[in-house]
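Reviewing the structure listed below.
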Amino acid sequence: MVTSLLVIIVILALLFDYTNGFHDAANSIATIVSTKVLTPFQAVLMAAVFNFAAYFFIKDHKVANTVSKIVIEQYVTLHVILAGLVAAITWNLITWWFGIPSSSSHTLIGGFAGAGMTNALYLGVNVVKAVEMQYVLKIIAYIVLAPFIGLIIAYIVTILILHLCKNARPAVAERWFKRAQLVSSAALSFAHGGNDAQKVMGILYVSLIASKIIKAGDMMPEWIPLACYSAIAAGTMSGGWKIVKTMGSKITKVTPLEGVSAETAGAITLFITERFGIPVSTTHTITGSIIGVGLTKRVSAVRWGVTINLVWAWIITIPISALIAGCVFALLHFLA
Numbered sequence: 001m002v003t004s005l006l007v008i009i010v011i012l013a014l015l016f017d018y019t020n021g022f023h024d025a026a027n028s029i030a031t032i033v034s035t036k037v038l039t040p041f042q043a044v045l046m047a048a049v050f051n052f053a054a055y056f057f058i059k060d061h062k063v064a065n066t067v068s069k070i071v072i073e074q075y076v077t078l079h080v081i082l083a084g085l086v087a088a089i090t091w092n093l094i095t096w097w098f099g100i101p102s103s104s105s106h107t108l109i110g111g112f113a114g115a116g117m118t119n120a121l122y123l124g125v126n127v128v129k130a131v132e133m134q135y136v137l138k139i140i141a142y143i144v145l146a147p148f149i150g151l152i153i154a155y156i157v158t159i160l161i162l163h164l165c166k167n168a169r170p171a172v173a174e175r176w177f178k179r180a181q182l183v184s185s186a187a188l189s190f191a192h193g194g195n196d197a198q199k200v201m202g203i204l205y206v207s208l209i210a211s212k213i214i215k216a217g218d219m220m221p222e223w224i225p226l227a228c229y230s231a232i233a234a235g236t237m238s239g240g241w242k243i244v245k246t247m248g249s250k251i252t253k254v255t256p257l258e259g260v261s262a263e264t265a266g267a268i269t270l271f272i273t274e275r276f277g278i279p280v281s282t283t284h285t286i287t288g289s290i291i292g293v294g295l296t297k298r299v300s301a302v303r304w305g306v307t308i309n310l311v312w313a314w315i316i317t318i319p320i321s322a323l324i325a326g327c328v329f330a331l332l333h334f335l336a
């Protein structure tokens, strides 16, 4: 029974990573497609390649370690993990269908935490004690901080570029910015793969612990990162065109110069947070970066109505995912 349930969890976890890829493809390619530097197919192909390239360079899985510790070990069961994955996949598909760039990272974290807290409720324990609040509070804090960090870096980078290139001929500058956007988009795709694939790696790692196959503190089996990077790259290849439209044109009009700034700021933010093991949202980060480049023109250049709708999606993602996971866990508990 445990073996078959574990197989189902592995399949669902990789399916989530796949949905994460096509849901978040817009993060890496929206600006480079909207500026017509690459065609949609060329953009997703490049993004997928650099998503997977992170596998060869990122070996210190700090983000995965953080995710695996969100729910305290004694409250983690395979049913908790299964319920969390079902909730995360469900919310990912709902938001993708409506073209809402919500956070795949936060829906997975919310689902895992919600299922763990529901399990604690059935065991008659204070549900807050089922989760490591230091990690949860850090993640909640970065719902606010990540887009602001991206915004500030993007604003500074844009101002610096404008100052350095103020005497350049527009046609020449435009040509160089289009070339530079290939580099910045690749860097963002690399950072996206390195950050987001680790969330599912953490879930699979804790699944093996719950199944008694490995012990807490053991080395992560190599098949886990290989499978997760492959799944997210395959998902990215599938694209996410509804969200690309929102990210690439509805927030603010993006030129190649601004695309370079936004992607560079997003990549820098993700590299920093990955270094410290903070599972931030790639979606939130690049959205903040796009707003930052818009603000360099004027405040009215940003479509604040669209932005406010996105913020509401960010706010409700964790609680809704937790609620769905709790309901799924209750159903599994009833059927068991």
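Numbering follows the UniProt record's numbering, in which position 302 of the sequence shown is assigned residue number 302; successive positions increment by one, without gaps. Think of the CB as a built atom: it goes at the ideal place given N, C-alpha and C, for glycine as much as any other residue.
- DSSP places Val200 within a helical segment (H, G or I) once states are collapsed to three.
- A Cβ-Cβ separation of about 5 Å places Trp96 in contact with His23 under the 8 Å criterion.
- Judged by DSSP secondary structure, Gly116 falls within the alpha helix (DSSP H) whose first and last residues are 104-122.
- Taking 9 Å as the cut-off, the Cβ atoms of Ala231 and Gly21 count as close.
- Apart from sequence neighbours up to five positions away, the residues of its chain that approach Val86 with a beta-carbon distance below 6 Å are Val328, ordered along the chain.
- At least 9 Å separates the beta-carbon of Leu82 from that of Leu335.
- Counted as a single uninterrupted DSSP element, the alpha helix (DSSP H) harbouring Gly259 occupies residues 256-275.
- Around the Cβ of Met133, a 10 Å sphere holds fewer than 16 other Cβ atoms; the residue is exposed.
- Straight through space, the alpha carbons of Ala168 and Ile316 are spaced by roughly 45 Å.
- In this structure, the alpha-carbon of Lys59 lies about 33 Å from that of Pro256.
- In the DSSP assignment, no residue is bridged to Val86.
- In the DSSP annotation of this structure, Cys165 is not part of any alpha helix (DSSP H), being labelled neither H nor E.
- Taking 9 Å as the cut-off, the beta carbon of Ala146 is found closer than this to the beta carbon of Thr269.
- For Gly294, the enclosing alpha helix (DSSP H) starts and ends at 282-295.
- Straight through space, the alpha carbons of Arg298 and Phe276 are spaced by roughly 33 Å.
- Taking a contact to require three or more Cβ pairs closer than 8 Å, the stretch 59-70 and the stretch 199-213 qualify as touching.
- Between Leu208 and Leu6, the C-beta spacing is below 9 Å.
- Counting C-beta pairs closer than 8 Å gives three or more between the stretch 73-81 and the stretch 119-139, which meets the contact rule.
- In the DSSP assignment, Pro40 falls within the unbroken alpha helix (DSSP H) covering 40-57.
- Boundaries for Ala130: no alpha helix (DSSP H) harbours it, and the DSSP string shows neither H nor E there.
- Of the other Cβ atoms in all chains shown, 16 or more fall within 10 Å of the Cβ of Phe112; this residue is therefore buried.
- In terms of Cβ geometry, His192 and Ser28 form a close pair [threshold 9 Å].
- Taking C-alpha positions only, Val136 is separated from Trp176 by approximately 42 Å.
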